[in-house]
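Novice: Residue numbers (the UniProt record's numbering): 1 to 122.
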Amino acid sequence: MDLLADYRRATMFFETGDPSGAARLLEPIVDAEPGNAAVRQLLARAYFQSAQLNRAEEQLRELVDRDPSDHYAHHVLGRTLERLNRHSDALRHLRIAAAMYAANDDYRVALERVETRLGGTR
1 MDLLADYRRA
11 TMFFETGDPS
21 GAARLLEPIV
31 DAEPGNAAVR
41 QLLARAYFQS
51 AQLNRAEEQL
61 RELVDRDPSD
71 HYAHHVLGRT
81 LERLNRHSDA
91 LRHLRIAAAM
101 YAANDDYRVA
111 LERVETRLGG
121 TR
């Protein structure tokens, strides 16, 4: 197994709109290199894009557990939880991401959307 070649193919699949194909290639790479955050993040994004939201949540929680300062993992975890209609759970991660990287408009918009959904700020 050539992990680097498979990672490059998975990236190509993801970028050309085949997140399920990317996930199939990335799963064995994550198994072989569980500490590789870049591979795990791409797998989480592939799951998110292919609406495999429980799998995305699992990968994102692993990323956040390993590196609580990863604002992007918090943001995507929040978005995943939002899509799962778990808005209260999403709020925490979206707030963390927005606090860590206040200049990011996507983070702010996602946070405001969930706050509005919950009826204001909690």
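For glycine and all other residues, C-beta sits at the position ideal for the given N, C-alpha and C.
Here the structure is a predicted model, which is why all the values come from computation and not from measurement.
Whole angstroms is fine: what's the gap from residue 27's alpha carbon to residue 81's?
Specialist: 21 Å
Novice: Need the endpoints of the alpha helix (DSSP H) that residue 40 sits in, please.
Specialist: That run of the alpha helix (DSSP H) goes 37–49.
Novice: Taking the C-alpha atoms as reference points, what is the distance between residue 89 and residue 96?
Specialist: 12 Å
Novice: On the criterion of 16 or more Cβ atoms from any shown chain inside 10 Å, does residue 43 qualify as buried, or is it exposed?
Specialist: buried
Novice: Cα-Cα, which of 10, 11, 24 and 119 is closest to residue 52?
Specialist: The option with the nearest alpha carbon to residue 52 is 24.
Novice: Under a three-way DSSP split, which group does residue 86 fall into?
Specialist: coil
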